[in-house]
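Protein chains in written order, with full-length UniProt numbering: chain A, 1 to 285; chain B, 1 to 337. Please read the structure below before turning to the comments.
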């Protein structure tokens, strides 16, 4: 059972990272980005391509992260920003369209067969009878580090500007906040975080074009449960979701696993719409 | 002028009669495969009309249409073993409407993205249910659908008349909703939810009604889809189908009554042209969705209005620049208006 918890914490850290990317984009631009995991998957496949061409892991990783960030920035500039004056309907539909399009392109470029990523984190240890791998430690460590960095950032002047722009796009301009700078930064950083999540998942399991669909759903579940306003909430919710999912697979049946996240988000939304850790934001009239 | 209007009415009536004649005699005009495709257009249109009601008119981001569609398909096929098809389909619609109200009841408090994620989760849970309830659905392996056959007609023709009558019924229902006070209340909930309470319109109640109607419409489409498909498996009703429905509703024009028809034609034609490429087909849907959201928010059905505005702008601009070249264009555009 402790094995299940450790495995759950590992997949939970990917969900947490995905949730953080979604929270960041939501906080800055107020767009629920259904294409977030697909953007990260593009970066992960770039890593595979670079390594396939013989480039070592630690040189390929920064390039892959940069690719994820670039894709996010370009898509934001070309497709998302023109819509920001419109209803949230448009944002939801546009990111769903990007999600489907990127998924189709990934399949066209890289095919459907699973790819293996040779990560250098192959060590594993025996801790009180439970196997712990280096991949798991790296995933968990990165999730905590990114959460800490984001929490720090949101309190820094840049982060405050970002939150101000999410609340109201007009007034911050009057005091000299560049809205386009905020948008670009948020999407670029989110692209990096999403790529990180997809790379960690890809090197621990296998890299396929199917990875992103369930990942973005889990990320949304974690972000929603955590409350879209809290980064630590997103981390806790992501880790919790991973553990619960693994325990449900262990105790009930493996077919119950996919239903857990769905049930959790449905219950949380119906009982406490602002999420477990979120604060209520009053709606504009 | 008056004679012009009369002539136009006659032309319109003739056109409608011609279309109806073609639709009624279609089985003798095209081969069974083409007939299947046209029946599919009818099915997609009905599912899209459900989205028109809840997303277009009521303004709620609901991503559960594939689940209601699946409920309609499975339940109709299941109940059809004991009762005539129309009764089974009606019961399935009622069941889906009840499910729509059940998910709608707590969901009326949610807005925008939160509603989207809640209904998406609900939809995927229902699909898990299709896998688990194997006494009704046959589980992962799937289930047969007993074909409905009208006396003297072959299977394809029976399917077509079934799809045609269901589509006509659904269009009639949607049109009635739109032109009566119910439709106006739904629009009021969409455009001024906060103000509705002050004129004694219960936004929550109308949202619930829209949820139920939209779910029933989805189930009705699913009931006919079961007939067309002849075999149902849970993976049919996943996110891929939802995307197709979104394309039907939004590429056609989500607030227009005939939008889903245009969208359904687009989806089926794209599916036909890009048959062998699963990824190519999805890419086409994605590009269509992106382009429509970006450049044509009112969809294909909004094109005539856009064109009219473009022409008025041109004719309004013309007097200030009465160049010789402009004159004939202006005259001809005035002539056929």
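For every residue, glycine included, the Cβ atom is placed at its ideal position computed from N, Cα and C.
Residue environment, residue i, which counts as buried when at least 16 other CB atoms sit within 10 Å
i, result
"residue 48/A", "buried"
"residue 7/B", "exposed"
"residue 82/B", "exposed"
"residue 19/A", "buried"
"residue 5/B", "exposed"
"residue 114/B", "buried"
"residue 180/A", "exposed"
"residue 196/B", "buried"
"residue 140/B", "exposed"
"residue 176/A", "exposed"
"residue 205/B", "exposed"
"residue 269/A", "buried"
"residue 31/B", "exposed"
"residue 12/B", "exposed"
"residue 275/B", "exposed"
"residue 203/B", "buried"
"residue 27/A", "buried"
"residue 291/A", "Because chain A here runs from 1 to 285, residue 291/A falls outside it and cannot be looked at."
"residue 59/A", "exposed"
"residue 10/B", "exposed"
"residue 214/B", "buried"
"residue 76/A", "buried"
"residue 281/B", "buried"
Bridge partners - residue i, DSSP secondary structure assignment
i, result
"residue 232/B", "143/B"
"residue 126/A", "131/A"
"residue 207/A", "115/A"
Distance CB(residue i)-CB(residue j) smaller than 8 Å
i, j, result
"residue 211/A", "residue 219/A", "no"
"residue 14/A", "residue 147/A", "no"
"residue 287/B", "residue 101/A", "yes"
"residue 70/B", "residue 127/B", "yes"
"residue 24/A", "residue 122/B", "no"
"residue 207/A", "residue 264/A", "no"
"residue 33/A", "residue 41/A", "no"
"residue 187/A", "residue 72/A", "yes"
"residue 16/A", "residue 151/A", "no"
"residue 158/B", "residue 145/B", "no"
"residue 256/A", "residue 125/B", "no"
"residue 46/B", "residue 116/B", "no"
"residue 261/A", "residue 217/A", "yes"
"residue 182/A", "residue 162/A", "yes"
"residue 162/B", "residue 224/B", "yes"
"residue 104/B", "residue 68/B", "no"
"residue 240/A", "residue 68/A", "no"
"residue 96/A", "residue 243/B", "yes"
"residue 249/B", "residue 55/B", "yes"
Span separating the alpha-carbon of residue i from that of residue j
i, j, result
"residue 98/A", "residue 84/B", "43 Å"
"residue 343/B", "residue 316/B", "This structure cannot settle anything about residue 343/B, because the visible part of chain B is limited to 1 through 337."
"residue 269/B", "residue 222/B", "20 Å"
"residue 130/A", "residue 1/A", "9 Å"
"residue 328/B", "residue 314/B", "Note on residue 328/B: pLDDT 38, under 50, position unreliable in the model; the coordinate value appears next. Roughly 13 Å separates the two Cα atoms."
"residue 64/A", "residue 138/B", "44 Å"
"residue 150/B", "residue 156/B", "10 Å"
"residue 17/B", "residue 233/B", "39 Å"
"residue 334/B", "residue 311/B", "Low per-residue confidence applies at residue 334/B: pLDDT is 35, beneath 50, and the placement is therefore not dependable enough to give any value."
"residue 50/B", "residue 92/A", "19 Å"
"residue 164/A", "residue 149/A", "19 Å"
"residue 5/A", "residue 87/A", "41 Å"
"residue 204/A", "residue 135/A", "6 Å"
"residue 220/B", "residue 189/A", "45 Å"
"residue 209/A", "residue 46/A", "13 Å"
"residue 27/B", "residue 164/B", "12 Å"
"residue 253/B", "residue 254/A", "42 Å"
"residue 66/B", "residue 7/A", "33 Å"
"residue 37/A", "residue 299/B", "28 Å"
"residue 77/B", "residue 96/B", "14 Å"
"residue 176/B", "residue 293/B", "28 Å"
"residue 207/B", "residue 57/A", "53 Å"
"residue 246/B", "residue 48/B", "8 Å"
Residue-level contact to chain D via CB, residue i, 8 Å cutoff
i, result
"residue 24/A", "Within the model displayed, chain D is absent; protein chains A and B are what it includes."
Contact test: residue i Cβ vs the ligand NAD heavy atom, cutoff 7 Å
i, result
"residue 9/B", "In the structure shown, the ligand NAD is absent, as is every other ligand, since no ligand is present at all."
#### Entry: Residues of the region 102-125 of chain B with Cβ closer than 8 Å to any Cβ of chain A, in chain order
106, 107, 109, 110, 111, 112, 113, 114, 116, 117, 118, 120, 121, 122, 124 and 125
#### Entry: Cβ-based contacts, 9 Å cut-off: residues of the region 264-290 of chain B near chain A
277, 278, 279, 280, 281, 282, 283, 284, 285, 286, 287, 288, 289 and 290
### Query
Between the region 290-303 of chain B and chain A, which residues of the former have CB atoms less than 8 Å from a CB of the latter, in chain order?
290, 293, 294 and 297
### Task
For the region 2-23 of chain A, enumerate the residues whose C-beta is nearer than 8 Å to any C-beta of chain B, in chain order.
none
### Message
If the cut-off is 8 Å on Cβ atoms, which residues from the region 227-259 of chain B count as contacting chain A, listed in chain order?
### Response
239, 243, 246 and 250
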